[in-house]
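*Asks:* If you count the sequence shown from 1, you need to add 274 to reach the working numbering. Positions of the beta carbon are idealized from the N, C-alpha and C atoms, including for glycine. Since this is a predicted model, take the numbers as computed values, not measurements. Sharing a structure below in structure tokens format, with a few things to ask.
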Amino acid sequence: MNTPFDDIAVKLSEAGMQLREVIDEKLLHTSTFVQVCRVRYQQMYSVSEKSWKRHEEMFKNPQQGTRSITIKEMIDQSLESVEAKLNYFGFIEELNRFGRVFEQKYGVILPEYFKIRFYRNKMIEHSDKYEAYLQSSATGYTYTIGKLIIPFHSGAINTPATSPDAYTQLSAEFQALGVTLPQLDLSMMYKKYSEALFASLGQINPRLENVPKSLLSAMFTYSFPTPINDLEKYTAQLVAWLKTFQNIT
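Right, here's the structure in full:
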């Protein structure tokens, strides 16, 4: 299958062939990163495509949407949800890993790198949050047909009984750090919610570092933001960034 990284992968390979036996470490790092991104994209596309097809089948055969399903079918659908989250996490892990290399070796910052690093370190790295995120029925993913799946962390934002108190606590944590939190609720949808929350975090520390544990706890309770909420848009942005970094037209 095709990916957004195919064109730049070819151009990087051509550039490498022209060097022959000369080692260009910058080119090597970029080429390796692009190949990893191609694999991760294919994985995310594969599980997303399963969901698109199932969704289309349900609309073609509306009676299937109301039939009883077997335990095996239920487990399989749950497995698909876990797979979608794992693939997203895997992409985030690679962005974090190579983003660190690009920053430390070349002094450049990947698109959305600080958000990516924050999410990886606070969500993916901690086994208790990670396991709950994968298994909890209160977490899931969003997509439209033809677009890659985006996981979300729901939390109290989805529960009318607990949402007001959880939001009040979250707002108080930001206020204690001199930041007034805008009204955040499900009317924004998860994409805009994540963008707004990260913007507020950026007012505390632009690199999203040294965030107090009490604020992190309030975020987990209300709803933890996701760093990339449109994978098609992000991958296009990333490819453009990589072409500029390697001076490729």
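Report the option in 394, 441, 382 and 510 whose CA atom is closest to the CA atom of residue 467.
*Replies:* Looking at the Cα atoms, 441 is the closest of the given residues.
*Asks:* Residue 427 by DSSP, collapsed to three states: which one?
*Replies:* Note: residue 427 maps to strand in three-state DSSP.
*Asks:* Rounded to the nearest angstrom, how far is the Cβ of residue 520 from that of residue 286, given a contact under 8 Å?
*Replies:* Going by Cβ atoms, the distance from residue 520 to residue 286 rounds to 7 Å, so yes, they are a contact pair.
*Asks:* Does the structure place the segment 377 to 392 close enough to the segment 278 to 285 that three or more beta carbon pairs sit under 8 Å?
*Replies:* Too few Cβ pairs lie closer than 8 Å, so no.
*Asks:* Quick check on the burial criterion: 16 or more other C-beta atoms within 10 angstroms. Buried or exposed for residue 304?
*Replies:* That one is buried.
*Asks:* Contact check, residue 398 vs residue 363 under 8 Å by CB: the rounded distance?
*Replies:* Yes, they are in contact, since the Cβ atoms of residue 398 and residue 363 sit about 5 Å apart, within 8 Å.
*Asks:* Which one of 463, 510, 449 and 424 has the shortest CA to CA distance from residue 486?
*Replies:* Answer by Cα proximity: 449.
*Asks:* Spatial neighbours of residue 510 within its chain, please: CB distance less than 7 Å, with the 5 preceding and 5 following residues excluded, ordered by chain position.
*Replies:* 278.
*Asks:* According to the neighbour-count rule (16 or more other Cβ atoms, all chains shown, within 10 Å of its Cβ), is residue 420 buried or exposed?
*Replies:* By the neighbour-count rule (16 or more Cβ atoms within 10 Å), residue 420 is not buried but exposed.
*Asks:* Mapping the DSSP letters down to three states, classify residue 415 as helix, strand or coil.
*Replies:* Three-state DSSP puts residue 415 in a strand.
*Asks:* What three-state label does DSSP hand residue 484 in the structure shown?
*Replies:* Three-state DSSP puts residue 484 in coil, outside helix and strand.
*Asks:* Go to residue 463, then tell me how far its alpha helix (DSSP H) extends in each direction, as first and last residue.
*Replies:* First-last of the alpha helix (DSSP H) with residue 463: 463 to 478.
*Asks:* On a Cα-Cα basis, can you pick out the residue from 416, 432 and 434 that is closest to residue 426?
*Replies:* Nearest C-alpha to residue 426: 416.
*Asks:* Assign residue 359 to buried or exposed, taking buried as 16 or more other Cβ atoms, counted over all protein chains shown, within 10 Å of its Cβ.
*Replies:* The residue in question, residue 359, is buried, as its Cβ has 16 or more Cβ neighbours within 10 Å.
*Asks:* For the alpha helix (DSSP H) holding residue 291, just list the boundary residues, first then last.
*Replies:* Looking at the DSSP string, the run of the alpha helix (DSSP H) that includes residue 291 is 280 to 293.
*Asks:* Does DSSP classify residue 504 as helix, strand or coil?
*Replies:* Note: residue 504 maps to coil in three-state DSSP.
*Asks:* In terms of residue numbering, what span does the alpha helix (DSSP H) encompassing residue 435 cover?
*Replies:* Careful: residue 435 lies outside any alpha helix (DSSP H) and carries neither H nor E.
*Asks:* Return the CA-CA distance between residue 432 and residue 472, expressed in angstroms with no decimal places.
*Replies:* Roughly 19 Å between the two C-alpha positions.
*Asks:* Assign residue 356 to one of two classes, buried (16 or more other C-beta atoms within 10 Å of its C-beta) or exposed (fewer than that).
*Replies:* With fewer than 16 Cβ atoms within 10 Å of its Cβ, residue 356 is classed as exposed.
*Asks:* Which residues in the same chain as residue 423 place their Cβ atom closer than 6 Å to its Cβ, once the five residues preceding and following it in sequence are excluded?
*Replies:* Correct list, in chain order: 322, 358, 415 and 417.
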